[in-house]
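Mapped onto the working numbering, the consecutive letters of the sequence shown carry residue numbers 12 to 174.
All C-beta atoms, glycine included, are put in the ideal place defined by N, C-alpha and C.
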Amino acid sequence: MWDRKDATMRRTSFEKAECPIARSLDAIGDWWSLLIIRDAFLGARRFGEFQKSLGLAKNILTVRLRALVEDGILKTAPASDGSAYQEYVLTPKGRGIFPIMVALRQWSEEFDDRPKEIATILVDREKGRPVRKLELRSQDGRLLDSADTMLKPSPDHKRRRRA
Numbered sequence: 012m013w014d015r016k017d018a019t020m021r022r023t024s025f026e027k028a029e030c031p032i033a034r035s036l037d038a039i040g041d042w043w044s045l046l047i048i049r050d051a052f053l054g055a056r057r058f059g060e061f062q063k064s065l066g067l068a069k070n071i072l073t074v075r076l077r078a079l080v081e082d083g084i085l086k087t088a089p090a091s092d093g094s095a096y097q098e099y100v101l102t103p104k105g106r107g108i109f110p111i112m113v114a115l116r117q118w119s120e121e122f123d124d125r126p127k128e129i130a131t132i133l134v135d136r137e138k139g140r141p142v143r144k145l146e147l148r149s150q151d152g153r154l155l156d157s158a159d160t161m162l163k164p165s166p167d168h169k170r171r172r173r174a
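See below:
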């Protein structure tokens with residue numbers, strides 16, 4: 012699809028967008044990147060593990076892994092078994108994507124046309140019970156939906172514009 016440095020197919024960059032959703036799409040907005048991150052959460056660490064799991068062409072996987080490293084979502088580390096290989100490890104920024112992955116999963120579980128075909132459920136490792144649905148709550152604990160929220164200018168953004 013694209014390579015940031017040597018793009019054969021150009022895509023719009025949202026790097027300078029004021030919207031945080033658009034900005035996040037620059038880093039994780041294509042399905043291969045999200046599936047690589049999913050596999051990293053499931054324990055994949057080596058190029059070959061990602062390639063085998065995803066069936067992705069090596070050149071595309073190389074580009075996606077490089078971009079995830081450049082964005083600070085993954086980092087490379089020496090192989091944990093002492094071999095000459097390198098491994099890809101989630102950074103704190105990468106681990107911060109976990110609630111997004113859970114939200115996507117739960118959305119699919121709720122609205123998928125064929126929910127019986129979903130092969131796994133997300134459970135609490137300690138208790139073995141399904142994870143509760145994510146909820147958006149106000150500062151005082153009230154359950155919120157989209158009608159209960161709005162956007163307002165960021166105080167930091169106002170200061171920057173005046174300067």
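Could you say which of the options lies nearest to residue i if we only look at CA atoms?
i, options, result
"E81", "A68, Q150 and G105", "G105"
"G107", "E26, G83, Q150 and S165", "G83"
"Y96", "F58, P166 and D151", "F58"
"R148", "H168, I32, A33 and A158", "A158"
"I146", "P110, I129, F122 and P126", "In the sequence under discussion, the amino acid at residue 146 is Glu, which differs from the Ile named in the question. Looking at the Cα atoms, P110 is the closest of the given residues."
"T160", "R125, N70, I129 and Q150", "Q150"
"D167", "S24, E29 and T23", "E29"
Return helix, strand or coil for residue i, following the three-state DSSP convention.
i, result
"E128", "helix"
"R148", "strand"
"E26", "coil"
"K86", "strand"
"P141", "strand"
"L154", "strand"
"R49", "helix"
"I32", "helix"
"T102", "coil"
"A78", "helix"
Are the CB atoms of residue i and residue j nearer to each other than 9 Å?
i, j, result
"R49", "M112", "yes"
"L85", "T102", "yes"
"E26", "D41", "no"
"V100", "A68", "no"
"Q117", "K144", "yes"
Classify residue i as buried or exposed, calling it buried when 16 or more other Cβ atoms lie within 10 Å of its own Cβ.
i, result
"L76", "buried"
"E98", "buried"
"F61", "buried"
"S44", "buried"
"L53", "exposed"
"I232", "The question about residue 232 has no answer here: the residues shown for the chain are numbered 12 through 174."
"I39", "buried"
"L154", "exposed"
"A78", "buried"
"I47", "buried"
Per DSSP, which residues does residue i bridge with? Please list them.
i, result
"Q97", "P89"
"V134", "P141"
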